[in-house]
Amino acid sequence: MQVEFNDFVLGRSPALLRFAYLLTGDRHLAEDLTQEALVRAHRRWSGIESQEGPEPYVRKTILRQYLSWRRRRSSGERPVADPLELAAAAQPDAAGRIAEADAMWGLLLTLPRSQRAVLVLRYYEDLPDAEVARLLGCSESTVRVHAHHALKKLRATLARSGSPLLQ
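Quick note: the sequence shown uses my numbering, first residue 35, plus one each step.
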């Protein structure tokens, strides 16, 4: 089935942008990554369309750009507020749920890029370890090690703060 580039962009951009945002935690950087990935896909459209399809190619391009050393040096990601303070102020209402989600985003931003990428691909994109490993270009055991270390760090940080997020 042939998909036109414009139709692909119109139909899949929101999902691709969400994926990039989950990786970066920054709307502007997510837009940049998505736009650059779509530009690269456009250049190779006839080739990627006949392979496994355009979406896996674009997602992998976003992921590779995110993990790229050039982006790593130019991107100064820092949480704007202490996520643990936000979690401590959480209430059981809608505002409390938003504060908890914001606190978790802040904690995710403290993780190294590879660990954050593994958690996003595994838990937000709901991909199996084999697919995560394929996207990251590593072994399944490396994916499990990254996930283990990331979750251990998140649990330790939450435990030190006495955060209600652990309950």
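A virtual CB, placed ideally from N, CA and C, is assigned to each residue, including glycine.
Margin query: At the level of alpha carbons, what is the spacing between Glu12 and Gln99?
Written below: Nothing can be reported for residue 12, as the shown portion of the chain is limited to 35 through 201.
Item checked: Nearest neighbour of Arg77, chosen from Ala64, Glu86, Tyr91, Glu65 [CA to CA] -> Taking the sequence shown and counting its residues from 1, the one referred to as residue 77 is at position 43. The shortest Cα separation from Arg77 among Ala64, Glu86, Tyr91, Glu65 belongs to Tyr91.
Next item on the list: Taking all protein chains shown into account, decide if Gln149 is buried (16 or more other Cβ within 10 angstroms of its Cβ) or exposed.
Entry: Locating residue 149 in the sequence shown gives position 115, counting from the first residue. It counts as buried.
Notebook entry, point to check: Whole-angstrom Cβ separation of Val166 and Val179, contact assumed at under 8 Å?
Noted result: Position 132 of the sequence shown holds residue 166. Position 145 of the sequence shown holds residue 179. Contact between Val166 and Val179 does not hold, since the beta-carbon distance rounds to 12 Å and is not under 8 Å.
Item checked: Where Thr144 falls: helix, strand or coil (DSSP) -> Here residue 144 corresponds to residue number 110 of the sequence shown, with the count starting at 1. Coil.
Check: Relative to the C-alpha of Met138, which residue among Leu101, Leu170, Lys187, Lys94 is closest?
Finding: As a first step, residue 138 must be located in the sequence shown, where it is residue number 104. That would be Lys187, whose Cα lies nearest to the Cα of Met138.
Next item on the list: Taking the CB atoms as reference points, tell me whether Leu56 and Thr68 lie closer together than 9 Å.
Entry: Translated into positions along the sequence shown, residue 56 becomes position 22. Translated into positions along the sequence shown, residue 68 becomes position 34. Taking 9 Å as the Cβ cut-off, Leu56 and Thr68 do not qualify as a contacting pair.
Item checked: Residues of its chain near Trp79, where Cβ-Cβ distance is below 7 Å and the 5 sequence neighbours each way are ignored -> The residue you call residue 79 lines up with position 45 of the sequence shown. Contacts found: Phe39.
Checklist line | Contiguous beta strand (DSSP E) assignments of at least 3 residues, all confined to the segment 38 to 104 | finding: none
Check: In three-state DSSP terms, what is Ser173?
Finding: Start at 1 with the first residue of the sequence shown, and residue 173 comes out as number 139. Note: Ser173 maps to coil in three-state DSSP.
Next item on the list: Alpha carbon to alpha carbon, how far is Asp41 from Thr191? Give it in angstroms, no decimals.
Entry: As a working note, residue 191 is residue 157 in the sequence shown. As a working note, residue 41 is residue 7 in the sequence shown. Approximately 44 Å, taken between the alpha carbons.
Notebook entry, point to check: Do you know whose CA, among Asp66, Thr58, Glu159, Leu72, lies nearest Gln43's CA?
Noted result: What you label residue 43 is simply residue 9 of the sequence shown in a count that begins at 1. For the record, residue 43 in the displayed sequence is Val; it is not Gln. Per the Cα distances, Leu72.
Check: Do Gly45 and Leu142 have their CB atoms nearer than 9 Å?
Finding: As a working mapping, residue 45 is identified with position 11 in the sequence shown. As a working mapping, residue 142 is identified with position 108 in the sequence shown. No, the pair does not count as a contact, with Cβ atoms beyond the cut-off.
Next item on the list: Indicate the three-state DSSP secondary structure (helix, strand or coil) for Glu165 in the structure shown.
Entry: In the sequence shown, counting from the first residue as 1, residue 165 sits at position 131. It is helical.
Notebook entry, point to check: Roughly how many whole angstroms lie between the Cα atoms of Lys94 and Leu169?
Noted result: Residue 94 sits at position 60 when you count from the first residue of the sequence shown. Residue 169 sits at position 135 when you count from the first residue of the sequence shown. Going by the C-alpha atoms only, they are around 6 Å apart.
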